[in-house]
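This report refers to the structure that appears directly beneath it.
In the numbering used here, the protein residues as written are 2 to 166.
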């Protein structure tokens, strides 16, 4: 199993995350031997694997990591508001909107197949719009663990091919 870590401290027992990471890892491992034979520069081969051949699987891991981090941040913000002096000097409409957002943050999940945030039905559009914004604002760079795996797999394939029998 690939050990994946992120700044959002995803739990090692997060089955959905582990499944996405394993799909990406399997794609990388499967592609590395063929790419190694076709590409002289291993770093170019890693880029080709991560950005082209396994792009769907790598993107799902990225979305999952971003989604988990976003939900943790939103839930912490809502919790901080709850611990503070209530809803302050907000209007009744603003307080109702904040309550709806807190509820949405608590009930949101991550799709185990795509890594996308799944908001509960009735989520205020300003909450769902944050997902769209973060999908554009976030980097599509492969997680370091997957980039490292691609490099190691390509190097192992190269050394196996070039070593005397």
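We treat Cβ as the ideally placed atom computed from N, Cα and C, and that holds for glycine. All values derive from a computational prediction rather than experimental measurement.
Take residue 34, set aside five residues on each side of it, and the residues of its chain with a beta-carbon closer than 7 Å to its own are 158, in chain order.
Residue pairing by DSSP places residue 110 opposite 119 in a beta bridge.
Of the residues 163, 144, 69 and 94, the one whose Cα lies closest to the Cα of residue 111 is 69. If you draw a straight line from the Cα of residue 22 to the Cα of residue 58, it is about 8 Å long.
Burial of residue 67 is indicated by the presence of at least 16 other C-beta atoms within 10 angstroms of its C-beta. Residues of the same chain with a CB within less than 6 Å of the CB of residue 64, apart from the 5 flanking positions on each side, are 116 and 117 in chain order. Under the rule that a run must span 4 or more residues, the alpha helix (DSSP H) segments found entirely inside the segment 8-69 read 16-39 and 43-49. In the same chain as residue 119, and ignoring 5 residues on each side of it, the C-beta atoms closer than 8 Å to its own belong to 109, 110, 111 and 112, in chain order. Assigned with DSSP and collapsed to three states, residue 145 falls in helix.
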